Structures are given as C-alpha cells and as structure tokens.
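Enquirer: For the sequence shown, position 494 (counting from the first letter as 1) is numbered 494 according to the UniProt record's numbering, and the numbering increases by one without interruption.
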Amino acid sequence: MPWHVLPDYDTYERARTEFEWALPETFNPAVDCLRKHESPGPSDRVALLDAATGERFTYRDIDDASGRLANALAARGVEPGDRVGVVAPQRPETPIAHMACWKLGAVTVPLTTLFGQDALAYRLDDAEARAVVFDPSVRAALAAASTECPALETAVALDEHPLFAGEHDRGDATEPLDCDVLAYDRVVADHDPEYAPYESTPATDSAIMYTSGSTGPPKGVRHRHAVWLGRAAAAHTFFDGGLGANAVCWTPADWAWGSALGGLLLGTWHYGGTVVAAPMAGFDPSAAFDVLDRFGVTHALIPPTALRMLMSETPPADLALETVASAGEPLTPEILDWAAEALDDVAIDEYYGQTELNLVVANAARWFDVRPGSMGKALPGYDLAVLDPETREELPPGELGELAVRPHDERVFFAEYWNRPEATAAKRHDGWYLTDDLVTRDADGYVWFESRADDVIITAGYRVGPLEVEQVLLDHPAVEQVGVVGVPDDTRGERIKAFVELVPGATGDDDLREELQQRARERLAAYEYPREVAFVADLPKTSSGKIRRVDLRDREQTE
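1. According to the Cβ coordinates, are residue 276 and residue 124 closer than 8 Å?
2. Mind checking whether residue 234 and residue 362 have CB atoms under 8 Å apart?
3. Looking at the C-beta of residue 12, does it have a partner C-beta in chain C at a distance below 8 Å?
4. Do you know how far the Cα of residue 158 is from the Cα of residue 324?
5. Roughly how many angstroms lie between the CA atoms of residue 307 and residue 315, to the nearest whole one?
6. Pick out whichever of 399, 153, 305 and 357 has its Cα sitting closest to the Cα of residue 417.
7. Please state the DSSP three-state secondary structure of residue 66.
8. Quick check: the Cα distance between residue 172 and residue 372, rounded to an integer number of angstroms?
9. Do the segment 134-154 and the segment 78-96 touch if we need at least three Cβ pairs shorter than 8 Å?
10. Give the DSSP bridge partners of residue 351, in chain order.
11. According to the neighbour-count rule (16 or more other Cβ atoms, all chains shown, within 10 Å of its Cβ), is residue 593 buried or exposed?
12. Span of the alpha helix (DSSP H) holding residue 309?
13. Following the continuous beta strand (DSSP E) through residue 209, name the residue where it begins and the one where it ends.
14. How many angstroms separate the CA atom of residue 402 from the CA atom of residue 320?
15. Where do the ends of the beta strand (DSSP E) carrying residue 238 lie?
16. Excluding the 5 residues preceding and the 5 following residue 502 in the sequence, name in chain order all residues of the same chain whose CB lies nearer than 7 Å to its CB.
17. What does DSSP give as the partner residue(s) for residue 263 in the beta ladder?
18. Could you have a look at residue 191 and say whether DSSP puts it in helix, strand or coil?
19. Using the Cβ count rule (16 or more neighbours within 10 Å means buried), how would you classify residue 166?
20. Kindly indicate the opening and closing residues of the alpha helix (DSSP H) around residue 422.
21. With a threshold of 6 Å on Cβ separation, who are the neighbours of residue 392 within its own chain once the five nearest residues in sequence on each side are excluded?
22. At the level of alpha carbons, what is the spacing between residue 227 and residue 412?
23. Can you tell me which of the three DSSP states residue 110 falls into?
24. Given 7 Å as the limit, tell me if residue 537 has its C-beta closer than that to any heavy atom belonging to the ligand ADP.
25. If you draw a straight line from the alpha carbon of residue 155 to that of residue 176, how long is it in whole angstroms?
26. Output the distance between the C-alpha atoms of residue 121 and residue 555, rounded to the nearest integer angstrom.
27. Using only alpha-carbon positions, find the residue among 251, 327 and 505 that is nearest to residue 537.
28. Could you pull out every residue in the same chain whose Cβ sits closer than 7 Å to the Cβ of residue 170, ignoring the five residues on either side in sequence?
29. If we ignore side chains and look at the alpha-carbon of each, how far apart do residue 258 and residue 317 end up?
30. Quick one: Cα of residue 168 to Cα of residue 160, how far?
31. Here's the rule I'm using: 16 or more other beta-carbon atoms within 10 Å means buried, otherwise exposed. How should residue 466 be labelled?
32. Give me the residue from 126, 181 and 377 with the minimum Cα distance to residue 143.
33. Who are the Cβ neighbours of residue 203 in its own chain at under 6 Å, not counting the five residues just before and after it?
34. From the DSSP output, in three-state form, read off residue 271 for me.
35. How long is the line joining the alpha carbons of residue 283 and residue 252, rounded to whole angstroms?
36. Measuring only the C-alpha atoms, how far is residue 443 from residue 385?
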C-alpha cells in the first residue's frame with residue numbers, strides 16, 4: 001500500500017492540514033514501480049498494453065527486460081551517476097530504458113523524437129551523456145548530433161516498431177553514429193534479467209529534464225528520485241483517487257514530457273495500474289476515441305488543444321472514462337460544458353506544474369467544485385504565495401503577481417539547474433521557488449493564470465522558448481535579425497510567429513518563407529517551427545540592441 005495516498009482524505013481541508021510527505025529512507029523508482037507489484041501479489045498483473053501490436057507486458061516482463069538492459073549498460077561501463085539519453089516515443093522499451101538506468105543508478109535524460117540534430121546535440125552534450133537509447137526513426141538526426149557529443153560512448157538502437165516505421169525520419173536510417181551502437185534485441189537476448197538495483201534514496205539523482213529555454217539556451221533541470229513520488233501523488237489527486245490496480249491510463253502526449261512520464265506513466269505504475277501505449281504522430285480525435293473505447297481507458301491525460309479537437313467528434317457510447325486531467329494552457333468553459341454533456345459528466349481536472357517544480361496546483365472534483373478557468377488550489381504538501389514581482393512582498397487575494405511555491409520537503413522539487421548555479425539561485429527567494437508566471441488567487445484559494453513573466457510560448461500544450469527558434473533562423477544567410485513570439489490561435493492556444501529582418505539584397509518571398517520553416521522543422525522539434533513568418537523592415541529593440549518581443553506581441557494584437 002502506498003504510504004502517501006492523498007485522496008484517502010475525505011476533505012481538502014483535512015489533506016492540507018494533515019498530509020506529510022513522509023518519504024522513505026531508501027527509494028528506487030524501478031523497485032517502487034515494478035517489484036512491489038510482483039511479491040506479494042500476482043506477477044502477471046498487466047503493466048502496459050501496446051496498442052500497435054496488441055502485446056501485453058506484465059510487471060514481471062518489464063522488470064526482466066529492464067534487468068537485461070541494465071546488465072548490458074553496466075557491461076559497457078555505465079556507472080551510478082552517469083547520464084543516459086532516452087530518445088524514444090510511446091513504446092514499451094521507453095519505460096524499460098528508464099527502469100534499467102535507475103536500477104544501475106544512472107540518470108536518465110528524456111528527449112522527444114521530435115527533436116532534430118541541433119536540439120539533440122545541445123542537450124546530450126550539455127548533459128555529458130555517456131549512453132543513449134534511441135528509436136530508429138531518429139537515427140539520422142542522432143548520427144549528426146553524435147559528432148558534437150564527445151562524452152557519448154554507447155548507443156542502444158531499438159528495433160523498428162510497426163507503428164513508427166518511417167515516422168519522423170530525417171535521412172538515412174542506417175547512418176553510423178560517432179560511438180558504438182548495440183542492437184536492443186541482441187542486448188536483451190544476451191544478458192541476464194537479474195540485476196540487483198542500486199541502493200538509492202529519495203535524494204539520489206534521477207533525471208535531467210530540459211526547459212524550453214525562454215531567456216537563453218535550454219537549461220537542464222536536475223531531479224532526484226523523490227520527484228516521481230510528488231508527481232504520483234499529484235496524479236492520484238487530479239484523477240480523483242482513481243489510480244490503483246483497476247485503473248487503465250493513457251495520454252497522447254510524448255513520454256518525454258514530465259507530466260506524461262512522471263504523472264501518468266510512473267504514477268499509474270506506482271499504484272499498480274495499467275498504461276496504454278498508443279501514441280500519435282499528429283493528434284487524431286477519431287483515433288483517440290477509439291483508444292479510449294477499445295482499451296477501456298478509465299483515466300486520461302489530454303492537453304487542452306487535443307480536447308478542443310475531440311469536441312468535433314461524437315464519442316462512443318458507454319466509455320469507461322472516469323476522469324480526464326489536462327494542463328499546459330487554461331481550459332475554457334466550452335470544454336468543460338462539452339465534457340459534461342458529451343462525456344456524461346466526466347470530470348476534467350486542470351492542474352499546473354513546471355519542469356523545475358512538480359505538479360503543485362490542481363482541481364480535484366471529489367474535494368471541491370471546479371471553477372472554469374481556474375487552475376485549482378494548492379496541492380497538499382506545498383504552500384503558495386503571490387508575490388509582487390518588484391518587491392517580493394506577498395500580495396493579498398485578487399492582486400496580480402508572480403506565483404511562488406514552497407514544498408514541505410525540498411526533495412520533491414528540482415535540485416538545481418545542471419551546471420548553472422547562478423540560474424538556480426535566481427529561481428529561489430527566501431525559501432520560495434519563483435515560477436515567472438503571473439497569477440491571481442481569490443479569497444477561496446483558487447489560482448487563476450494571467451500571463452507569463454517571461455517569453456515562453458505555449459503552443460498545443462508544448463512550452464517553446466523563442467531563443468532556440470531564433471538561433472536556428474539566424475543561421476540562414478538571408479536573415480539579419482529575428483524575433484519570435486506566440487500569437488493567439490483558436491486551436492493551439494498560441495502559434496509561433498517569426499518576425500524576420502533580412503540582410504540587404506535579400507528578398508522576402510514565399511520561397512524563403514518555406515525555406516526558413518523547413519529549416520526549423522528539421523533542426524528543432526516539429527512543434528517548434530514558426531507557422532507564420534513575417535518579413536519586416538526593422539525590429540523593435542532596447543537601447544542595448546535586444547529584440548523587444550513585447551512590442552512584437554503588441555503589434556500583432558493591434559493589426
């Protein structure tokens with residue numbers, strides 16, 4: 001039985017006053033997610049359903065496969081504390097890779113298969129990754145990236161999954177990497193499944209997850225094992241206490257996203273439920289309803305953009321769906337009204353978190369009424385404050401300020417920005433963690449998102465830093481300067497727009513526009529390319545020459 005089942009409290013007030021983290025002295029996510037469900041208990045309990053192949057993986061299957069991979073990585077010299085990239089989509093081997101790394105004490109670096117060579121090279125090199133487990137769909141991009149990653153010694157190539165054959169390929173799928181490459185199927189066949197897990201604690205390094213890089217290059221966020229306990233507890237809360245042996249959970253989101261990996265996948269396994277692996281290269285509402293219906297999904301994590309797309313379809317009758325969680329951008333009343341009518345009053349619980357922090361604010365329909373547009377209330381285990389951005393003084397209810405969060409146990413938050421002590425120090429103030437998000441909080445404790453203090457763009461639920469997009473466009477010889485902002489979009493929340501100032505003699509035509517967009521598609525993530533490119537005579541700048549993105553956003557709103 002988990003030691004911190006938040007929804008066991010019958011009221012929100014009791015949970016806020018009585019809950020304590022009470023983290024264990026020793027903790028390894030691989031043991032927590034796998035072995036505690038084997039003994040005592042049935043070893044044939046299903047941990048994962050692969051929608052593409054129909055295969056069912058028990059907790060014992062995942063345990064055995066991750067043990068084999070752990071032995072293989074150890075044989076290649078991967079040691080406790082070493083970083084290992086995981087560049088793979090929703091497929092069984094993705095969580096197997098994470099479990100293998102945690103068994104041997106290594107630190108995982110989750111990366112989306114949507115990344116191109118520049119994005120992969122920066123992150124793998126910055127993390128000094130010694131090994132990487134990758135899907136063949138990204139082999140060409142990873143091959144180019146590997147030449148810029150001197151610490152990389154070993155790559156484990158997954159076999160081709162039928163759902164991803166040919167997906168996202170950016171070149172020759174057999175292109176050699178600048179390191180040794182092992183075949184995953186050979187690895188699991190040649191190594192023993194038994195591996196004694198590394199004796200770790202809640203404070204042991206677990207993962208480095210990268211921010212979107214809004215005010216500079218993406219930063220690596222160093223997390224400890226305790227972060228997964230925080231995300232599991234939050235997921236159990238915003239799924240209204242429904243996680244357990246009978247839960248069947250699914251998200252269309254990439255498992256490299258913190259909420260999908262830590263909240264849905266690891267949270268479900270923490271409580272002994274079943275995860276459905278059924279990813280989508282592009283969200284298809286008809287296919288999503290088919291997954292929900294065919295596999296009897298009881299709990300789903302679906303971003304607001306996808307929910308808006310689902311509204312165009314008629315849902316199947318008699319879905320098993322009990323709760324939907326959503327985050328990434330505010331939910332509209334229209335979505336909640338649609339769910340009440342079309343999904344037979346299925347609760348949609350919005351929540352809020354950050355890569356650095358955890359999932360710290362949420363709606364929980366079993367505890368209190370959901371107020372449309374609100375992110376909910378502070379989850380037990382955290383204190384919230386709304387601070388004046390200038391004075392850092394706490395503001396009264398109703399006033400706009402920066403959201404600050406204080407955990408009751410520091411270990412459930414990030415340890416630091418990887419190799420960036422100044423950035424880490426700037427994130428903290430007098431015991432509070434600063435979010436750069438501007439909010440109000442009403443007298444009843446509900447938190448209302450207003451805007452971002454930084455320039456992060458949230459498009460289709462993804463957080464995109466403008467600087468990384470700008471740098472790719474600036475590498476084009478026709479581009480003199482560029483500013484990237486988010487502009488309102490009815491479907492995606494925001495879409496990325498690039499304002500481009502050209503070098504003398506260059507012509508801003510449709511051919512160049514398409515060339516710049518394709519450049520971003522190839523070198524960054526598919527969701528990061530600018531859907532609009534506007535050629536301008538000059539860009540608004542500060543006295544020091546920095547692009548004033550706020551002026552670009554204002555210009556867009558007045559046109």
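All residues carry an ideal CB built from backbone N, CA and C; glycine is no exception.
Note that the structure is predicted; figures quoted are calculated from it, not measured.
Expert: Taking the coordinates as given:
1. Here residue 276 refers to the residue found at position 276 of the sequence shown. Here residue 124 refers to the residue found at position 124 of the sequence shown. No; because the gap between Cβ atoms is not below 8 Å, this pair is not in contact.
2. Mapped onto the sequence shown, residue 234 falls at position 234. Mapped onto the sequence shown, residue 362 falls at position 362. When the beta-carbon positions are compared, residue 234 and residue 362 come within less than 8 Å of each other.
3. Structure shown: chain C not included; a single protein chain is present.
4. As a working note, residue 324 is residue 324 in the sequence shown. As a working note, residue 158 is residue 158 in the sequence shown. Whole-angstrom Cα-Cα distance: 32 Å.
5. Looking up residue 307 in the sequence shown gives position 307. Looking up residue 315 in the sequence shown gives position 315. C-alpha separation (whole angstroms): 12 Å.
6. Locating residue 417 in the sequence shown gives position 417, where the first residue counts as 1. Checking every option, the nearest Cα to that of residue 417 belongs to 357.
7. Within the sequence shown, residue 66 is the residue found at index 66, counting from 1. In this structure, residue 66 counts as helix in the three-state DSSP scheme.
8. Position 172 of the sequence shown, counted from the start, is the residue given in the question as residue 172. Position 372 of the sequence shown, counted from the start, is the residue given in the question as residue 372. With a pLDDT of 48 at residue 172, under the threshold of 50, the modelled position of that residue is not reliable, and the figure given next carries that caveat. Taking the straight line joining both Cα atoms gives about 48 Å.
9. yes
10. Here residue 351 refers to the residue found at position 351 when the sequence shown is read from its first residue. BP columns for residue 351 point to 362.
11. Residue 593 falls outside the range modelled here, since the chain spans only 1 to 559, and no answer is possible.
12. Here residue 309 is taken as the residue at index 309 of the sequence shown, counted from 1. In this chain, the alpha helix (DSSP H) harbouring residue 309 covers 304-310.
13. Taking the sequence shown and counting its residues from 1, one reaches residue 209 at position 209. 205-210 is the span of the beta strand (DSSP E), which, as asked, contains residue 209.
14. Position 402 of the sequence shown, counted from the start, is the residue given in the question as residue 402. Position 320 of the sequence shown, counted from the start, is the residue given in the question as residue 320. Cα to Cα, residue 402 sits roughly 39 Å from residue 320.
15. As a working note, residue 238 is residue 238 in the sequence shown. Here residue 238 belongs to no beta strand (DSSP E); instead the alpha helix (DSSP H) covers 226-238.
16. On the sequence shown, residue 502 is found 502 positions in, with the first residue counted as 1. 478, 479, 480, 508 and 535.
17. For this step, residue 263 is matched to residue 263 along the sequence shown. Answer is none; residue 263 lacks a bridge partner.
18. Indexing the sequence shown from 1 puts residue 191 at position 191. Note: residue 191 maps to coil in three-state DSSP.
19. Within the sequence shown, the letter at position 166 stands for residue 166. Model confidence at residue 166 stands at a pLDDT of 48, short of 50, so the residue's coordinates are unreliable; what they give is reported in the following sentence. Counting the other CB atoms within 10 Å of its CB gives residue 166 a total below 16, which places it among the exposed residues.
20. As a first step, residue 422 must be located in the sequence shown, where it is residue number 422. Run containing residue 422: 421-426, per the alpha helix (DSSP H) assignment.
21. For the purposes of this step, residue 392 is taken as residue 392 along the sequence shown, with counting starting at 1. Counting only Cβ-Cβ distances below 6 Å, and skipping sequence neighbours, we find 429.
22. Here the question's residue 227 lines up with position 227 in the sequence shown. Here the question's residue 412 lines up with position 412 in the sequence shown. Cα to Cα, the separation comes out at about 4 Å.
23. Stepping through the sequence shown from its first residue, residue 110 is reached at position 110. Here residue 110 sits in strand by DSSP.
24. Absence of the ligand ADP from the depicted structure is noted, as is the absence of any ligand whatsoever, leaving it without description.
25. Position 155 of the sequence shown holds residue 155. Position 176 of the sequence shown holds residue 176. Distance between the alpha carbons of residue 155 and residue 176 is about 11 Å.
26. For the purposes of this step, residue 121 is taken as the residue at position 121 of the sequence shown. For the purposes of this step, residue 555 is taken as the residue at position 555 of the sequence shown. Cα-Cα distance, rounded: 35 Å.
27. Counting from 1 along the sequence shown, the entry for residue 537 is found at position 537. Nearest option by C-alpha distance: 505.
28. For the purposes of this step, residue 170 is taken as residue 170 along the sequence shown, with counting starting at 1. In this prediction, residue 170 has a pLDDT of 45, which is less than 50 and means its spatial position is unreliable; nothing more can be read from the coordinates.
29. Residue 258 sits at position 258 when you count from the first residue of the sequence shown. Residue 317 sits at position 317 when you count from the first residue of the sequence shown. Rounded to the nearest angstrom, the two C-alpha atoms are 32 Å apart.
30. In the sequence shown, the residue the question calls residue 168 occupies position 168. In the sequence shown, the residue the question calls residue 160 occupies position 160. No answer about residue 168 holds up, because its pLDDT of 43 lies below 50 and its placement is not dependable.
31. Taking the sequence shown and counting its residues from 1, the one referred to as residue 466 is at position 466. Classification of residue 466: buried, given that the 10 Å Cβ count is 16 or more.
32. Numbered from its first residue, the sequence shown carries residue 143 at position 143. Taking only the C-alpha atoms, the option nearest residue 143 is 181.
33. Position 203 of the sequence shown holds residue 203. The residues are 224 and 411.
34. If you number the sequence shown from 1, residue 271 lands on position 271. Of the three classes helix, strand and coil, the one that applies to residue 271 here is coil, per DSSP.
35. Walking along the sequence shown from the start, residue 283 turns up at place 283. Walking along the sequence shown from the start, residue 252 turns up at place 252. If I take the Cα positions, the gap works out to 7 Å.
36. Position 443 of the sequence shown holds residue 443. Position 385 of the sequence shown holds residue 385. About 13 Å.
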